[in-house]
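Residue numbers (our numbering): 4 to 63.
Each residue gets a CB set at the ideal place from its N, CA and C atoms; glycine is no exception.
Small disclaimer: the values here were computed from a predicted structure and weren't measured.
Please read the structure below before turning to the comments.
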């Protein structure tokens, strides 16, 4: 199967889904407990802090 045979709409949806999955995964990763070796790393400014109920929390 050649890539030209795959309609571009499907490739666009797959690309958008991948970007969304990476974005949501990054937010979840930075708001979770850190694995060994990552405890002292800070969350980047562009990642919103989210509490366990799913509500965005403002930094104080």
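CA-to-CA distance, residue j to residue i, given in whole angstroms
{"i": "residue 22", "j": "residue 45", "result": "23 Å"}
{"i": "residue 24", "j": "residue 42", "result": "24 Å"}
{"i": "residue 27", "j": "residue 8", "result": "31 Å"}
{"i": "residue 10", "j": "residue 51", "result": "35 Å"}
{"i": "residue 39", "j": "residue 20", "result": "30 Å"}
{"i": "residue 12", "j": "residue 29", "result": "26 Å"}
{"i": "residue 15", "j": "residue 55", "result": "32 Å"}
Residues of its chain near residue i, where Cβ-Cβ distance is below 7 Å and the 5 sequence neighbours each way are ignored
{"i": "residue 37", "result": "44"}
Worksheet item: Pairing CB atoms from the region 47–56 with CB atoms from the region 18–34, are three or more of them under 8 Å?
Response: yes
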